[in-house]
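J.: Chains A and B, in that order, give the protein sequences.
Its first residue numbered 5, the first sequence is counted upward by one per residue in the numbering used here.
Its first residue numbered 5, the second sequence is counted upward by one per residue in the numbering used here.
Heads up, the beta-carbon is just placed ideally off N, CA and C, and yes, glycines get one too.
Here it is, the structure in full.
2 protein chains.
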Amino acid sequence: MTSEEKNIYFNVAIATSLVLFGFDGENLRILFIRKKNEPFKGGLMLPSGYVSPSESIEKVVDKLMEKYTQVSYSFTEQLKAFSKVFRNPLGRVINVAYYALVKLDEDLLTLSKKRGEEWIEYSQIPDLAFDHNEVIDYAKERLKRRVKRRPIGFYLLPKYFTIAQLQKLYETALNREMDKRNFRKKIFNSQLIIETEMVDALSSRKAAKLYMFDADKYQKLSLKGYDFLF
Amino acid sequence: MTSEEKNIYFNVAIATSLVLFGFDGENLRILFIRKKNEPFKGGLMLPSGYVSPSESIEKVVDKLMEKYTQVSYSFTEQLKAFSKVFRNPLGRVINVAYYALVKLDEDLLTLSKKRGEEWIEYSQIPDLAFDHNEVIDYAKERLKRRVKRRPIGFYLLPKYFTIAQLQKLYETALNREMDKRNFRKKIFNSQLIIETEMVDALSSRKAAKLYMFDADKYQKLSLKGYDFLF
DNA sequence: CCAAAAGTGTTCGGAATACACCCATGA
DNA sequence: TCATGGGTGTATTCCGAACACTTTTGG
């Protein structure tokens with residue numbers, strides 16, 4: 005490549021946007037922030053950042069995660085590159101988008117609210133800055149596929165959860181209702197959840213048993229090409 | 005963004021690589037070219053190109069397709085962005101890789117050979133320049149998934165094909181053997197192939213019937229959230 | 001006449017689906 | 001006492017998997 009070509013081609017910026025999914029026990033939600041400056045000032049957008057040429061994209065994603073969730077580890081995966089030529093008025097920007105799953109507990113909700121961020125319901129996403137609607141549609145499809153084949157739902161739930169909560173999560177993500185009995189059969193068959201001695205006495209009259217995810221078992225099953233299918 | 009920040013961030017290049025799958029009737033193959041200049045001069049690599057800031061990536065992919073296959077339309081899909089910081093000695097380059105499926109007929113094989121390109125068997129991929137091995141591994145996984153759920157195999161076969169050819173394609177892509185009777189049952193059940201009056205008298209003693217893909221039927225089924233599953 | 005590939009049905013087991021009632025408890 | 005959500009079992013259907021022999025024909 006000549007230095008002239010170098011001048012032409014090395015003239016693009018990388019950005020990354022994060023579709024952060026959280027589950028409040030009832031609904032799946034996605035985190036949005038308000039854009040602080042032009043273009044699209046005041047508009048809702050996904051948490052995003054530019055990536056410097058010497059930095060890895062994953063690093064920037066991790067920084068976004070830390071900033072917005074204060075969670076050290078979670079499930080994160082690249083969606084794809086969004087690269088329409090007109091995306092950003094400042095110049096050509098490639099947006100390599102990611103999604104992540106977090107436990108959306110009271111603490112996190114409070115923190116986000118204090119900062120003026122919003123967790124918006126999965127099915128109620130408004131019009132967004134840039135091409136973020138397209139990114140979110142893509143992320144929803146990916147989540148649907150993943151949730152069907154891998155027990156990633158457990159990243160979204162608190163450590164101890166009831167079967168009803170788990171079912172509600174699946175129903176929201178897959179956008180269909182399921183039969184309670186069949187759901188239990190399937191979940192218990194998977195051998196991936198452990199019954200605890202605890203109950204959730206708050207959210208219902210008859211206290212529901214609390215379960216937890218069996219991470220060890222999952223590791224073992226994953227190794228032998230495990231197939232979970234909803 | 006200040007102009008100083010602009011100088012820092014807008015300093016990256018976009019490239020794209022194409023994993024071009026072809027099926028020769030027996031094996032799945034991927035197209036490789038030989039690198040003409042440093043770095044990695046003489047090494048095998050995927051067909052690739054830089055993307056100028058004013059150009060869409062799809063356009064560059066289309067140009068690659070045209071150059072290497074002379075096919076006007078085929079199945080093409082983005083894989084993801086490969087973006088390791090050290091990828092390319094010239095500077096930070098984001099590789100937004102794609103894969104595509106083509107009918108690998110005699111004409112194309114001859115053309116490629118004349119140009120010094122190689123169609124290498126799916127399971128025999130050697131060490132490649134850059135991170136192209138990683139790209140290919142990812143592409144294979146994607147193909148596996150797609151082939152299971154959508155009849156994209158038809159992009160790889162000639163217009164008229166035998167059931168045996170189709171089965172061979174599935175077996176290669178999914179890397180497992182299948183039962184002839186069960187395979188036929190499934191394929192015919194899908195309602196997506198049409199029997200023709202023709203037979204393939206060349207490749208076997210007892211001439212095999214030729215079939216073709218029912219594109220109209222596929223359109224209609226796709227609309228109602230069709231699910232094909234291997 | 002025989003090697004090589006084409007073509008064809010049945011059985012079995014496991015998973016998905018559909019479906020309805022009793023239980024515990026806080027208000 | 002009753003409204004609310006928790007918890008349980010069975011019958012049916014459908015799909016995938018396993019499995020072996022006959023047919024055609026070029027050499």
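Straight-line CA distance for A/Phe-236 to B/Ala-205?
T.: A query on residue 236 of chain A cannot be resolved here, the shown segment of chain A reaching from 5 to 234 and no further.
J.: Suppose only complete runs of 3+ residues qualify. What are the beta strand (DSSP E) ranges in the region 14-45 of chain A, listed by chain order?
T.: 17-27, 32-38, all fully within the region 14-45 of chain A.
J.: Whose C-beta lies closer than 6 Å to the C-beta of B/Lys-152 among residues of the same chain, with five residues either side of it excluded?
T.: So the list reads Phe-234, once near-sequence residues are dropped.
J.: Which parts of the region 89-153 of chain A are runs of the beta strand (DSSP E), unbroken and 3 residues or longer, counting only runs that do not cross its ends?
T.: Runs found: 97-106, 122-125.
J.: Rounded to the nearest angstrom, how far is the Cβ of A/Leu-68 from that of A/Gly-53, given a contact under 8 Å?
T.: Right, the Cβ-Cβ distance comes to about 6 Å (below 8 Å), so this counts as a contact.
J.: At a Cβ cut of 8 Å, what residues of the region 30-64 of chain A count as close to chain B, listed as they run along the chain?
T.: Listed by position, the residues of the region 30-64 of chain A near chain B (Cβ gap below 8 Å) are Tyr-54, Val-55, Ser-56, Pro-57, Ser-58, Glu-59, Ser-60, Ile-61.
J.: My output table needs one value for A/Ser-56: the three-state DSSP class, helix, strand or coil.
T.: It is coil, neither helix nor strand.
J.: Please name the residue in B/Lys-213, B/Lys-88, B/Ala-212, B/Leu-170 whose C-alpha comes closest to that of A/Ser-60.
T.: It is B/Lys-88.
J.: Hey, how far is the Cα of A/Phe-217 from the Cα of A/Arg-154?
T.: Taking the straight line joining both Cα atoms gives about 12 Å.
J.: Pick from A/Lys-148, A/Met-49, A/Tyr-77: whose alpha carbon is nearest that of A/Glu-175?
T.: Taking only the C-alpha atoms, the option nearest A/Glu-175 is A/Lys-148.
J.: Please list the terminal residues of the continuous alpha helix (DSSP H) segment that includes B/Leu-68.
T.: Run containing B/Leu-68: 61-73, per the alpha helix (DSSP H) assignment.
J.: Terminal residues of the continuous beta strand (DSSP E) containing B/Ser-195?
T.: According to the sequence displayed, residue 195 of chain B carries Gln and not Ser. Looking at the DSSP string, B/Gln-195 is not in any beta strand (DSSP E), and its letter there is neither H nor E.
J.: According to DSSP, which residues form a beta bridge with A/Phe-86?
T.: According to DSSP, which records beta bridges pairwise, A/Phe-86 is partnered with A/Asn-99.
J.: Tell me A/Asp-204's beta-bridge partners as DSSP assigns them.
T.: DSSP, once it has assigned bridges, lists A/Ala-212 as partnering A/Asp-204.
J.: Do you know how far the Cα of A/Asp-135 is from the Cα of B/Leu-32?
T.: One C-alpha to the other measures close to 36 Å.
J.: Consult DSSP for A/Leu-48 and reduce its assignment to one of helix, strand or coil.
T.: Looking at A/Leu-48 - three-state DSSP - the assignment turns out to be strand.
J.: Helix, strand or coil, according to DSSP, for B/Phe-232 in the structure here?
T.: If DSSP states are grouped into helix, strand and coil, B/Phe-232 belongs with coil.
J.: Can you find a C-beta in chain A that's less than 9 Å from the C-beta of B/Arg-96?
T.: Closer than 9 Å: yes.
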